[in-house]
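Notes for the one structure printed next.
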Amino acid sequence: MNKNKIKLVAFSFILGFVFSNHSLATDQIIAQPNSTEVLDELKIARELVQKSQDNLASINRKRSTVHQQIEDLPDEQKKQILRENGENWLSAHQHSEDCMEEYLSKLVSAYVKLTESHPSFQNVKSELLSQHPKYNKNKHTESYKNQLSLLANTFHNELIKDRVSRKKASFLADLIKPTGSIKFEDRMRLIGITVEPQSWIIQAAYSLAQLRAGNISTARKENVKLLRKSEKLSQKGHGINYRKEGDVRTYKSVYREYLLHRALIESHAKEKGLAKKYLTRSLKIEEDEEIKSEQNLIIREINSLSKS
């Protein structure tokens with residue numbers, strides 16, 4: 193009887209091992225097309241952004257000589273040509289920016305989704321690193337800040353999903369450290385001096401990246417600064433250029449978002465009372481339905497952590 197039991201246990205173990213290996217192999221087969229799809233999407237986005245930039249460069253070259261070409265034309269015809277040139281440039285410029293946003297989104301998504309053992313991972317990581325403005329912008333220019341803000345906004349959209357590993361989140365945090373102008377703003381506001389708001393999305397994404405990297409104290413520290421200035425300015429009700437050019441949100445809107453971030457931070461710190469406090473304060477503030485929909489990811493994570 194004991195021998196039969198031993199044989200049955202041994203058979204069950206072997207059978208379980210076979211099915212386990214079959215399941216693992218199946219998972220690997222399923223995972224491969226996903227990585228291929230991710231890289232294919234990145235390749236398409238990369239090609240589109242290059243084409244859009246080439247087209248914009250071509251239009252810029254034509255614009256530089258257009259005045260010489262129309263010099264002898266009647267005034268009305270000159271105005272029409274210049275107007276058409278301006279419209280073409282504006283359309284090409286907007287298309288180039290849209291393509292860049294899509295490209296960065298696919299690039300960051302590939303970095304997050306690919307395993308570090310994947311043959312293309314290091315190339316994707318290097319490509320992402322090359323998008324930092326320090327490699328192609330002057331640090332003291334508006335274009336530097338805009339590029340860093342765009343990068344931070346793209347990171348933010350991934351960091352709210354809670355699928356970034358600690359190691360990868362740490363890398364993202366290093367790429368979007370708050371600039372000197374942001375630190376200066378925080379120092380001035382701390383002593384009661386009002387200065388022009390900087391690109392807060394850099395600071396917000398950095399805080400989330402530190403949270404995902406497991407650095408709760410640093411995440412909270414940056415969030416405290418964001419809450420301090422957004423709460424004060426939210427009482428005035430003015431708009432703020434936030435995340436990217438043309439996307440204007442009120443100070444109250446971003447204050448609501450930073451309260452949600454704080455609730456998430458405290459949830460990870462297992463401070464359930466504080467998490468509930470900040471979540472409740474956030475949900476009392478009215479918000480646009482589209483933005484609320486985006487923030488549901490954070491709220492679900494907070495609620496999930498509160499039950500654990």
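Residue numbers (my numbering): 193 to 500.
Yeah, the Cβ is synthetic: ideal placement off N, Cα and C, and Gly gets one too.
Predicted, not measured: the structure shown is a model, and the values here were computed from it.
With distances taken Cα to Cα, identify the nearest neighbour of phenylalanine 376 among Val387, Lys369, Val416.
Checking every option, the nearest Cα to that of phenylalanine 376 belongs to Val387.
Anyone know if the C-beta pair for serine 309 and alanine 302 falls short of 9 Å?
Result no, Cβ atoms of serine 309 and alanine 302 do not sit closer than 9 Å.
Tell me which residue opens and which closes the alpha helix (DSSP H) that serine 318 is part of.
First-last of the alpha helix (DSSP H) with serine 318: 313 to 321.
Identify whether glutamate 482 lies in helix, strand or coil by the three-state DSSP scheme.
Note: glutamate 482 maps to helix in three-state DSSP.
Closer than 8 Å by C-beta to isoleucine 222: which residues in its own chain qualify, once you throw out the five before and the five after it? Chain order, please.
In this prediction, isoleucine 222 has a pLDDT of 30, which is less than 50 and means its spatial position is unreliable; what the coordinates show is noted afterwards. For isoleucine 222, where only same-chain residues beyond five positions count, there are no Cβ hits under 8 Å.
Under 8 Å by Cβ, that's how I've got tyrosine 447 and serine 422 pegged, so tell me the actual separation to the nearest angstrom.
Tyrosine 447 to serine 422, Cβ: 4 Å. Contact.
For the alpha helix (DSSP H) holding leucine 425, just list the boundary residues, first then last.
Unbroken alpha helix (DSSP H) run through leucine 425: 408 to 426.
Ignore the nearest five residues each way along the sequence and tell me which others in leucine 489's own chain have a CB closer than 7 Å to its CB.
Correct list, in chain order: Ile352, Lys353.
Can you find a CB in chain D that lies within less than 9 Å of the CB of valine 258?
Of the chains in the structure shown, none is chain D; there is only one protein chain.
In angstroms, rounded to a whole number, what distance separates the CA positions of valine 230 and lysine 254?
Rounded to whole angstroms, valine 230 to lysine 254 spans 37 Å at the Cα level.
Helix, strand or coil, according to DSSP, for isoleucine 236 in the structure here?
In this structure, isoleucine 236 counts as helix in the three-state DSSP scheme.
From the DSSP output, in three-state form, read off asparagine 495 for me.
If DSSP states are grouped into helix, strand and coil, asparagine 495 belongs with the helices.
Please name the residue, chosen from Gly384, Lys360, Lys424, Glu350, that lies closest to alanine 396 on a Cα-to-Cα basis.
Per the Cα distances, Glu350.
Looking only at its own chain, which residues have a Cβ that is under 6 Å from the Cβ of lysine 499, when we skip the five neighbours before and after it?
Contacts found: none.
Using a Cβ-Cβ cut-off of 6 Å (strictly less than) and excluding sequence neighbours within five positions of leucine 216, which residues of its own chain qualify?
In this prediction, leucine 216 has a pLDDT of 35, which is less than 50 and means its spatial position is unreliable; what the coordinates show is noted afterwards. So the list is empty, once near-sequence residues are dropped.
Indicate whether alanine 467 and leucine 456 have their beta-carbon atoms separated by less than 9 Å.
Yes.
Output the distance between the C-alpha atoms of lysine 540 and serine 256, rounded to the nearest integer angstrom.
One cannot answer for residue 540 here, as it falls past the ends of the chain, which runs 193 to 500.
Using the Cβ count rule (16 or more neighbours within 10 Å means buried), how would you classify leucine 265?
Flag for leucine 265 reads exposed.
Is proline 325 helix, strand or coil by DSSP?
Proline 325: helix per DSSP, three-state reduction.
For serine 391, which three-state DSSP category applies?
Coil.
Threshold first: 4 residues or longer. Then list the alpha helix (DSSP H) segments lying entirely within the region 241 to 326, N to C.
Whole alpha helix (DSSP H) segments, 4+ residues: 267 to 305, 313 to 321.
In three-state terms, what does DSSP make of isoleucine 374?
Isoleucine 374: helix per DSSP, three-state reduction.
Less than 9 Å separating the beta-carbons of isoleucine 368 and isoleucine 394?
Against a cut-off of 9 Å, the Cβ pair of isoleucine 394 and isoleucine 368 comes out as a contact.
If you run the structure through DSSP and keep just helix, strand and coil, what is serine 500?
Correct three-state label for serine 500: coil.
Going by the beta-carbon positions, is the gap between asparagine 277 and isoleucine 251 smaller than 9 Å?
Result yes, Cβ atoms of asparagine 277 and isoleucine 251 sit closer than 9 Å.
Between the Cα of aspartate 163 and those of Leu234, Gln260, Glu289, spot the shortest distance and give me the residue it belongs to.
What is shown of the chain runs 193 to 500, which leaves residue 163 out entirely.
According to the neighbour-count rule (16 or more other Cβ atoms, all chains shown, within 10 Å of its Cβ), is serine 318 buried or exposed?
So serine 318 ends up on the exposed side.
Quick one, which of Ser391, Ile374, Pro370, Leu342 has its alpha-carbon nearest glutamine 402's?
Selected option, being the one with the closest Cα: Pro370.
When DSSP labels each residue in this structure, what does isoleucine 490 get in the three-state scheme?
Isoleucine 490 falls in the helix class under three-state DSSP.
Buried or exposed for tyrosine 450, going by 16 or more other Cβ atoms inside 10 Å?
Classification for tyrosine 450: buried.
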